[in-house]
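According to mature numbering (1 follows the signal peptide of the UniProt record, and there is no 0), the residues represented by the sequence shown are -26 to -1, 1 to 443, in order.
Structure record follows, encoded as structure tokens.
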Amino acid sequence: MNLIHFRTTRKALVFASMLVMLSACGDDDTEVIIVEVPVETPIETPVETPVETVPEEVVLEYIGTEKCLACHSDKKSFLETGHNMMLTEVVNDEEPLYPFTSVNGAADVIEGLFNTLGDPDGWKDVGYVLGGTITANLFIDKNGYIMNGQKAVMFLKPKGTQITSEMMMPYIRSTEPDGHPYGPCGRCHTTGWKAYTSASGDERNLHMQNDLDGMQGTFAMTGIQCESCHGAGSEHIKGPSKHNIVKIAEARIAEDFLAEDMANGKAVSCVECHTTEDARRLYPDYVTEYEHAFGEGTMNSRLPVVGEFGQPEGRKDDVSGGGRHAAATLKRVDPNTGVAMGKKKGFTCSTCHNPHQSAVNHDKAGHENAMVRQCTDCHTKGFADVQGSDIASAAHEFVAECTDCHMPNNSHLLKIDLEGAKDDPRHFSADGEFQMPWLRAWDSCSGCHAEDYDARAQKIGKIHKDVGF
């Protein structure tokens, strides 16, 4: 028997054998032929699983105001505004200099303090100065505590003034030694504020600015700088675009602060700071008092009868000045329901203000356009006649400015309610703890009619004949 093998080789093939038998019936010489036939086994192409690309997280970093001004030189007037001077560090033990006011000699006449470090002996014992544009100056000691005592605060004096002991006033928030840490103030006086994370297991920020215990947190820059309102500029400076910078910020919520970065680098909305204590977001939960009462997710706030400085907040008797609480007062929140009633609740500060110029110093060079809108741009000024008087409407027309009545002490409530006396319960919440969001006759009229404002208010009934706020 002859056996014939046919072999074929081909690379990348796997060979299988096929046996072919050819037989003839009854023939012993049946010839069997085994043929090895290559059978190609298809090679499976591996299926590629698509890889999901996760965008690289951008960590925003602060670059500093000077770098911003290198391009935005038309905004340099900002350096002379109150925002820039909310907190000023004392450098090389030298007196800080301000564009329009003076603290010359102040460190030598601060006395009667409750602070552990005692009274300062000149600027070498002062760490920082608060304020310098609108109302007053406060001082921080070298442990980071606000100086608290008999002669610890001074109302602003014009540039060139030598500060004397008689100009210093009491500032007593606590009679305990070091009873007034700076910490709660940092969120609105600095740029890039991060509270000290003291809760057990929370290691997000275990540092104090310059290792000063009273600071209770850290910051990137003193004062409210460009990047506080517009967000950290590290991406914007690489390729300036309207898409990598914030023009008008939205308020950060508790979730932002509870994140690993503690909202650092995110733009801060005006309403976060120009509000009352009722809307302060503080460590550790960052939930406001208003939110505890009415639910989370809003920056609404009520106007307390007894505020941060022991005085009402938002009306004429707001000792800190109405601008401080402007966002809260524009919203005009009903303290009984939590509902914002203000017709101007959707306004931002920049609706009327140029945030890069100083309204307080609008008479100074570079600040002439601090107000971008005047009241009369939107409102007419027609006064109602008073029964029995032929001159009341004319007197108001020529003597009173809109702000005299609608913005006493810079209050931004604007709405006036002439009904009821100063202490009438209708002007307060049901529990008596908050003010209703309007100005009383005492707030709006007593500046000119000190003795009989209530009687005059009842007589006139309505100030404007054709428009109101």
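Heads up, the beta-carbon is just placed ideally off N, CA and C, and yes, glycines get one too.
From a predicted model like this one, the values you see are computed outputs, not experimental measurements.
Within the DSSP secondary-structure output, Pro155 pairs in a beta bridge with Tyr119. Rounded to whole angstroms, the gap between the alpha carbons of Asp259 and Gly316 is 29 Å.
Setting aside the 5 residues that flank it on each side, Arg347 is surrounded in the same chain by Thr325 and Cys326, each with a C-beta closer than 8 Å to its C-beta; the list follows chain order. Thr164 and Asn179 have their C-alpha atoms roughly 16 Å apart.
Listed in chain order, the beta strand (DSSP E) runs fully inside the stretch 40 to 124 are 61 to 63, 85 to 87, 100 to 104 and 110 to 115, counting runs of at least 3 residues. Cα atoms of Lys319 and Arg306: separation of roughly 7 Å, rounded to the nearest angstrom. Taken through DSSP and simplified to helix, strand or coil, Thr149 comes out as coil.
Closest in C-alpha terms to Thr192, from the list Cys200, Asp176 and Lys168, comes Lys168. Gly118 places its beta carbon less than 8 Å from that of Gly101.
Pairing Arg298 with Trp412, the inter-Cα distance amounts to about 17 Å. No residue range can be given for Glu342, since it is assigned to no alpha helix (DSSP H) and is classified by DSSP as neither H nor E. Straight-line spacing of the CA atoms in Gly394 and Asp291 works out to 18 Å. Between Ser332 and Pro382, the gap from beta carbon to beta carbon reaches 8 Å or more. DSSP places Gln432 inside the alpha helix (DSSP H), whose first and last residues are Tyr427 to Ile434.
Between Phe88 and Val279, the gap from beta carbon to beta carbon reaches 8 Å or more. Taken through DSSP and simplified to helix, strand or coil, Val373 comes out as helix. Taken through DSSP and simplified to helix, strand or coil, Thr196 comes out as strand.
Ranked by how close their Cα comes to the Cα of His353, the residues Asn66, Pro214, Pro151 and Glu375 have Glu375 in first place.
In this structure Ala44 is exposed. Its beta-carbon is surrounded by fewer than 16 other beta-carbon atoms within 10 angstroms.
For Ala302, the CB contacts under 6 Å within the same chain, skipping 5 residues up- and downstream, are Thr249, Thr250 and Ser275 in chain order. Taking 8 Å as the cut-off, the Cβ atoms of Cys200 and Val242 do not count as close.
Cys244 is positioned such that its CB atom lies closer than 8 Å to that of Thr322. Of the candidates Gly157, Ala173 and Asn335, the residue whose Cα lies closest to the Cα of Met182 is Gly157.
Here His438 is bridged, per DSSP, to Phe357.
Cβ-Cβ separation between Phe357 and Ile437: approximately 6 Å, consistent with a contact (criterion under 8 Å). A direct Cα-to-Cα measurement between Val360 and Ala431 gives close to 10 Å. The three-state reading of DSSP puts Leu186 in coil, since its state is none of H, G, I, E or B. Under the three-state reduction of DSSP output, Lys216 falls in the helix class. Spatial neighbours of Glu270 in its own chain (CB-CB distance under 7 Å, excluding positions within 5 residues in sequence) are listed in chain order as Ala228 and Val261. When secondary structure is reduced to three states using DSSP, Ile211 falls in the helix class. The three-state reading of DSSP puts Thr350 in helix, counting H, G and I together. In the same chain as His370, and ignoring 5 residues on each side of it, the C-beta atoms closer than 6 Å to its own belong to Phe357, in chain order.
Taking a C-beta distance under 8 Å as the contact criterion, Met128 and Ile137 qualify as a contact pair. Lys49 is positioned such that its CB atom lies closer than 8 Å to that of His330. Of the other Cβ atoms in all chains shown, 16 or more fall within 10 Å of the Cβ of Ala237; this residue is therefore buried.
In the DSSP assignment, Leu304 falls within the alpha helix (DSSP H) that extends over Ala300 to Lys305.
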